[in-house]
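Asker: Numbering (the working numbering), first residue to last: 4 to 206.
1. Mind listing, in chain order, the continuous alpha helix (DSSP H) runs of no fewer than 4 residues lying wholly within the stretch 15 to 93?
2. Helix, strand or coil for residue 181? Go by DSSP, reduced to three states.
3. Given a cut-off of 8 Å, decide if residue 181 and residue 226 are closer than it, judged by their beta-carbon atoms.
4. So is residue 169 buried or exposed if we call it buried at 16+ other beta carbons inside 10 Å?
5. On the DSSP bridge assignment, give the partners of residue 109 in chain order.
6. Do residue 148 and residue 41 have their CB atoms nearer than 8 Å?
7. With DSSP as the reference, label residue 137 as helix, strand or coil.
8. Per DSSP, which one or two residues make a beta bridge with residue 149?
9. Measure the CB-CB distance between residue 9 and residue 121 and report whether it falls below 8 Å.
10. Taking 8 Å as the cut-off, does the stretch 95 to 105 touch the stretch 185 to 203 (at least 3 CB pairs, one atom from each stretch)?
11. Please determine whether the Cβ atom of residue 186 lies at a distance below 7 Å from any heavy atom of the ligand NAP.
12. Any idea what DSSP makes of residue 143, helix, strand or coil?
13. Check whether the stretch 135 to 147 and the stretch 70 to 89 are in contact - that is, three or more C-beta pairs closer than 8 Å.
14. Mind reading off the beta-carbon distance from residue 94 to residue 38? Whole number of angstroms is fine, and I expect it under 8 Å.
15. Taking 6 Å as the limit between beta carbons, can you name the residues of its chain near residue 11, skipping five residues before and five after?
16. Quick one: is residue 51 buried, meaning 16 or more other Cβ sit within 10 Å of its Cβ, or exposed?
So, in structure tokens, the structure goes:
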């Protein structure tokens with residue numbers, strides 16, 4: 004795939020990220036536990052696997068515009084190899100599907116470079132998440148944010164546990180309570196533990 008085609012795919016992925024994910028927080032309920040994942044505009048760059056001189060938010064702003072990213076703004080090196088970025092970008096347009104379809108939660112995922120607290124997988128790709136920190140490294144809250152995006156079956160990675168997601172709820176990040184159900188299994192919402200029901204009382 005040439006760079007021009009790659010840039011078009013990044014643009015399509017950015018459009019979907021803006022439409023479905025940016026500025027939203029999702030609550031994943033599994034077993035009697037839950038995890039909240041915040042999708043920031045600044046997270047998009049890390050998920051593409053490319054190198055750039057742009058700041059994360061600037062990259063996303065450029066990517067959303069048709070022909071907004073210049074070929075000179077997207078680079079590759081040993082840390083950001085072309086073949087890996089190409090594989091990620093081929094699937095990135097469908098990343099939003101892990102917020103509205105049947106997925107699994109994996110815990111304590113070990114990769115060559117890091118250990119991730121949580122991963123969300125549909126067995127085609129894995130969204131790896133870590134603590135929500137500000138620019139100084141200070142922990143903002145108990146939510147997680149996307150750190151990495153792997154196109155692989157979760158079974159090829161090492162993890163502690165794998166859980167079926169029963170519900171996924173969505174809200175604007177600045178809202179207090181969740182207002183939308185984006186996925187649910189056969190279980191009744193009335194079966195939710197009190198601490199989770201408190202978070203979804205607007206539904």
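All residues carry an ideal CB built from backbone N, CA and C; glycine is no exception.
Answerer: Walking through what the data contain:
1. 47 to 51 and 59 to 67
2. On the chain shown, residue 181 is found 178 positions in, with the first residue counted as 1. Coil.
3. Residue coverage of the chain in this structure runs from 4 to 206, which leaves residue 226 outside it and unanswerable.
4. By 1-based counting over the chain shown, the position of residue 169 is 166. Residue 169 should be labelled buried.
5. For the purposes of this step, residue 109 is identified with residue 106 of the chain shown, where counting begins at 1. Answer is 122 and 165.
6. As a working note, residue 148 is residue 145 in the chain shown. As a working note, residue 41 is residue 38 in the chain shown. Yes, these two residues count as a Cβ contact at 8 Å.
7. By one-based count along the chain shown, residue 137 stands at place 134. The answer is coil: DSSP assigns residue 137 none of H, G, I, E or B.
8. Walking along the chain shown from the start, residue 149 turns up at place 146. Answer by DSSP bridge pairing, in chain order: 132.
9. Mapped onto the chain shown, residue 9 falls at position 6. Mapped onto the chain shown, residue 121 falls at position 118. No.
10. yes
11. This structure lacks the ligand NAP; in fact it carries no ligand of any kind.
12. Position 140 of the chain shown, counting from 1, holds the residue named residue 143. In this structure, residue 143 counts as strand in the three-state DSSP scheme.
13. no
14. On the chain shown, position 91 is the one that residue 94 refers to. On the chain shown, position 35 is the one that residue 38 refers to. No, residue 94 and residue 38 are not in contact; Cβ-Cβ is about 22 Å, not under 8 Å.
15. As a working note, residue 11 is residue 8 in the chain shown. Result list for residue 11: empty, nothing under 6 Å.
16. Counting from one through the chain shown, the residue named residue 51 turns up at place 48. Buried, because 16 or more other Cβ atoms sit within 10 Å of the Cβ of residue 51.
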